[in-house]
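Step one of this worksheet: look at the structure below.
Numbering (the numbering used here), first residue to last: 2 to 492.
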């Protein structure tokens with residue numbers, strides 16, 4: 002079935018308290034999607050943001066981001082006051098997220114909410130903790146011990162905690178009992194509010210596409226509690242780390258720094274941890290976009306300590322065995338394979354064998370190469386077409402910085418004389434293509450320039466900040482998107 006949707010991070014929604022969250026504005030955005038004839042809302046990972054404020058560097062692949070907890074809902078429940086929330090400095094710039102202020106001031110508010118409740122006497126809370134016990138207790142302990150150690154990486158903790166000595170862990174569980182309960186409470190609020198929002202979207206006929214980062218952060222509950230999953234030395238440091246070789250985005254490659262998996266161990270356990278993780282994702286999302294799909298065929302190994310990604314090498318990943326186990330465990334689940342970058346014959350073969358749709362990015366299509374896979378006349382219908390992703394500039398920003406020859410190719414391909422509405426020209430190209438699914442970043446629907454960019458790979462301190470202005474999701478914009486989706490058979 003042909004359908005279309007919008008890519009819009011939760012963090013980028015307008016809201017009263019510094020960052021997009023599961024507030025009334027999120028419900029209004031769902032209403033907008035429905036009126037615009039859209040069937041998909043694609044978001045970025047919902048996990049807590051970590052190094053560089055990135056949702057791809059998280060303290061846990063299972064936990065939810067407490068920044069997304071709607072404070073106004075807590076005011077309505079009577080466990081926070083309007084005065085307390087208004088007094089907290091969570092940033093006053095409605096166009097940009099201030100992560101430093103959120104880090105310093107949002108958690109204390111949530112701690113007040115915790116102190117004003119008795120979650121241990123709440124039956125729903127107890128049932129949540131029991132249902133999520135396979136990851137929740139480890140994560141909450143990790144966060145409590147991290148706080149006790151001034152936020153330092155677990156690699157800098159005292160050895161008895163760093164290496165999880167039984168007596169030290171038991172003592173920490175007793176000593177930090179209240180702090181552990183607090184972090185469990187945050188996850189309870191997150192999942193309660195997200196489940197309600199997702200249910201609302203699903204009732205409106207809208208599916209959620211969620212993003213599963215292939216790797217976990219080095220400083221995370223996952224690495225601390227389960228070192229056997231990764232290629233670590235006897236001191237707990239990575240032997241090699243993840244990244245990408247030099248490419249379109251970066252002359253020296255991308256050094257992500259995540260620990261690499263010990264795929265031999267995962268295979269011996271029938272990918273038990275991965276099945277647990279994927280099952281968790283389908284509790285959160287309707288469709289899962291698997292980030293860096295190439296890494297399952299071959300992964301890039303960068304020696305730990307290298308300053309750039311230039312001198313890494315490729316090693317074999319688990320291949321089809323993981324996805325065969327996935328299908329046997331869960332049946333046929335909807336997946337989008339993020340198959341961007343330089344693809345080898347073996348990774349193309351893997352994607353074909355799984356049957357998963359890959360991604361086609363129109364911003365990659367116009368480089369004078371007629372064989373370019375991203376040109377719509379080369380598409381297979383089993384794909385998802387985007388104008389761009391969270392790692393790209395907006396269409397306007399991209400076009401303005403393109404080479405003159407590429408601009409000419411773009412105009413000739415589109416059959417236009419000027420590029421005054423280039424964002425709508427590319428949106429139309431995506432919608433009319435044979436791709437089963439078309440997903441458009443919200444910034445392109447709004448006609449924003451580079452100021453609307455979400456992420457510039459291989460940079461720090463400037464990313465994941467963009468916020469949409471209140472009131473821009475107008476009935477006129479919804480009608481325009483609906484009409485286009487209707488014309489091209491996506492409603």
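Cβ coordinates follow ideal geometry from the N, Cα and C atoms, glycine included. In this text the structure is predicted, and so the values were computed from the model without any measurement.
Spatial distance of residue i from residue j (CA atoms)
i	j	result
residue 409	residue 396	15 Å
residue 345	residue 127	48 Å
residue 332	residue 405	49 Å
residue 290	residue 173	37 Å
residue 39	residue 483	7 Å
residue 415	residue 109	53 Å
residue 78	residue 285	24 Å
residue 107	residue 238	32 Å
residue 298	residue 353	12 Å
residue 35	residue 479	9 Å
residue 427	residue 342	21 Å
residue 315	residue 159	35 Å
residue 114	residue 105	16 Å
residue 254	residue 232	21 Å
residue 451	residue 398	5 Å
residue 262	residue 140	20 Å
residue 449	residue 102	26 Å
residue 217	residue 278	11 Å
residue 417	residue 460	35 Å
residue 197	residue 37	22 Å
residue 411	residue 438	22 Å
residue 156	residue 224	10 Å
residue 133	residue 221	17 Å
residue 326	residue 280	12 Å
residue 247	residue 154	29 Å
Own chain partners of residue i with C-beta closer than 8 Å, once the 5 adjacent residues on each side are dropped
i	result
residue 464	53, 54, 55, 455, 456, 457
residue 14	21, 22, 24, 26, 27, 30, 468, 469
residue 228	237
residue 473	447
CB-CB length for residue i against residue j, believed under 8 Å
i	j	result
residue 215	residue 296	5 Å
residue 46	residue 212	5 Å
residue 366	residue 376	5 Å
residue 335	residue 287	7 Å
residue 431	residue 386	5 Å
residue 98	residue 16	Actually they are not in contact, since the Cβ atoms of residue 98 and residue 16 sit about 10 Å apart, beyond 8 Å.
residue 182	residue 121	7 Å
residue 177	residue 146	7 Å
residue 368	residue 407	6 Å
residue 245	residue 310	6 Å
Within 7 Å, strictly: CB atoms of residue i and residue j
i	j	result
residue 226	residue 184	no
residue 338	residue 357	yes
residue 230	residue 274	yes
residue 445	residue 424	yes
residue 164	residue 241	no
residue 61	residue 51	no
residue 257	residue 243	yes
residue 117	residue 76	no
residue 429	residue 5	no
residue 355	residue 276	no
residue 210	residue 41	yes
residue 272	residue 340	no
According to DSSP, residues forming a beta bridge with residue i
i	result
residue 245	255
residue 314	302
residue 289	211, 336
residue 217	None, per the DSSP bridge assignment.
residue 438	4, 385
residue 124	Note: residue 124 sits in no beta bridge, so no partner.
residue 175	None, per the DSSP bridge assignment.
residue 97	467
residue 201	Residue 201 pairs with nothing; no bridge assigned.
residue 42	7, 209
residue 362	387
residue 231	262
residue 494	Given that the chain is displayed from residue 2 to residue 492, the structure contains no residue 494 and the question cannot be resolved.
Cβ of residue i within 7 Å of any chain B Cβ
i	result
residue 407	Included in the structure is just one protein chain, with no chain B present.
6 Å CB neighbourhood of residue i in its chain, flanking five on each side removed
i	result
residue 8	43, 440, 442
residue 136	63
residue 138	none
residue 161	169
residue 72	18, 86
residue 384	358, 359, 361, 436
Own chain, CB closer than 7 Å to residue i, minus 5 neighbours either side, in chain order
i	result
residue 190	70
residue 317	299
residue 149	177
residue 82	76
residue 251	458, 459
residue 434	377, 380, 386
residue 282	211, 213, 289
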